[in-house]
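Contents: one structure, followed by commentary.
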Amino acid sequence: MRVISGEYRGRRLKSLEGENTRPTTDKVKESMFNMIGPYFDGGQALDLFSGSGGLAIESVSRGIDLAVCVERNFQAMKIIKDNIEITKEPNRFLTVKMDADKALGWLKENNYTFDYVFLDPPYAQQKIEEQILKMLQLGLLNPACEIICEADKAVSLSEELGTLKQIRRQTYGITAVTIYRNEAEA
496 MRVISGEYRG RRLKSLEGEN TRPTTDKVKE SMFNMIGPYF DGGQALDLFS GSGGLAIESV
556 SRGIDLAVCV ERNFQAMKII KDNIEITKEP NRFLTVKMDA DKALGWLKEN NYTFDYVFLD
616 PPYAQQKIEE QILKMLQLGL LNPACEIICE ADKAVSLSEE LGTLKQIRRQ TYGITAVTIY
676 RNEAEA
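Okay, so the sequence shown: first residue is 496 according to this note's numbering, each after it adds one.
What follows is the structure in C-alpha cells.
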C-alpha cells in the first residue's frame, strides 16, 4: 500500500495484519480520488473508520488542510500514527481513538465540520446511512461536502439522504464506491 499522488506520492504505508482491517486497494483509492478531485484546495476531511489512515493521508497529500482519523482498534491506531509519521507533517492530522458513533458526538462538541468524509466501515458492521444522517443532524457536514462510501457491492444505498444526493456509484470487483454531495444552502 502506498500514497498514490500529491505531496507524499510513492511513500509506502503500513497496514494491519489479519482480519481487523481491510485496506482500500490502490486501484480503488485512485478511482475514488479521481471522482472527487483529484486535488484539493484546502478543507477538512474525516476518515471515520480509518484502519491504516491511508485515505486520510492520501487526502492531505492531495491538498486537504486537516484530516481527522477515527479508529477504535488499538493496533490500527498505532499503524495510523506510524503512517502519519511518514508524512513528516503530523500537525495536518488529528487521531481520535474512539468508536465511530461516539466520535461523531465528540466532533460536534469540538466544533469540527467537514468538506469530505470517507466511510469505509467493516463490511459486517455497516450503518452507513444511519451515520450519514447523524452527521447531518449534528451539523458536521459543510455545504457541498462530499461523502465517499466504500461498501460491499451488494449494499444498496439510498439515492437521497436528507440534503445529500447520490452523485456517483461505481463497482470494483466486490466493492462499490458511492459518493454523496450535500446540497444544503450555505
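The beta-carbon is built from N, C-alpha and C at its ideal position, and this holds for glycine as well. The structure displayed is predicted, hence computed values, not measured ones.
Q. Does any heavy atom of the ligand NAD sit closer than 7 Å to the C-beta of A679?
A. The ligand NAD is not among the ligands present in this structure, which contains no ligands whatsoever.
Q. For P585, does the three-state DSSP call read helix, strand or coil?
A. Helix, per DSSP.
Q) Q632 by DSSP, collapsed to three states: which one? A) Three-state result, Q632: helix.
Q: Using 10 angstroms around the beta-carbon of N578, count the other beta-carbons present and answer buried if the total reaches 16, otherwise exposed.
A: Buried is the call here.
Q: Measure the C-alpha to C-alpha separation of Q728 and K660 and round it to an integer number of angstroms.
A: Beyond the ends of the chain as shown, which are 496 and 681, falls residue 728; an answer cannot be given.
Q. Taking contact to mean at least 3 C-beta pairs separated by less than 8 Å, is the stretch 526 to 544 in contact with the stretch 502 to 514?
A. Contact between the stretch 526 to 544 and the stretch 502 to 514 is absent, because fewer than three Cβ pairs lie under 8 Å.
Q. Any idea what DSSP makes of N605, helix, strand or coil?
A. Of the three classes helix, strand and coil, the one that applies to N605 here is coil, per DSSP.
Q | Expected contact under 8 Å - CB spacing of L550 and D542 to nearest Å | A | A Cβ-Cβ separation of about 5 Å places L550 in contact with D542 under the 8 Å criterion.
Q.
Cutting at 8 Å between CB atoms, please list the residues of its own chain near L656, excluding the five before and the five after it.
A. E624, I627, L628, L631, Y675.
Q: Verify whether the separation of the beta carbon atoms of V555 and T582 is less than 8 Å.
A: It is a contact, given that the beta carbons lie within the stated cut-off.
Q: Report, in whole angstroms, the separation of the C-beta atoms of V565 and S547, which I expect to be a contact under 8 Å.
A: With a Cβ gap of about 13 Å, V565 and S547 do not count as contacting.
Q.
Based on DSSP bridge pairs, tell me the residues matched to A671.
A. DSSP, once it has assigned bridges, lists A646, T666 as partnering A671.
Q. Q570 to M593, Cα distance in whole Å?
A. For the pair Q570 and M593, the Cα-to-Cα distance works out to about 13 Å.
(Q) Checking 8 Å against the spacing of the C-beta atoms, do F609 and A540 come in under that value? (A) Yes.
Q | For A571, the three-state DSSP class (helix, strand or coil) | A | Helix.
Q: To the nearest angstrom, report how far apart K603 and L614 are at their CA atoms.
A: Distance between the alpha carbons of K603 and L614 is about 17 Å.
Q: Quick one: grab the DSSP three-state call for Q621.
A: Reduced to three states, the DSSP call for Q621 is coil.
(Q) Just verifying my parser: in three-state terms, what is the DSSP assignment at E680? (A) Correct three-state label for E680: coil.
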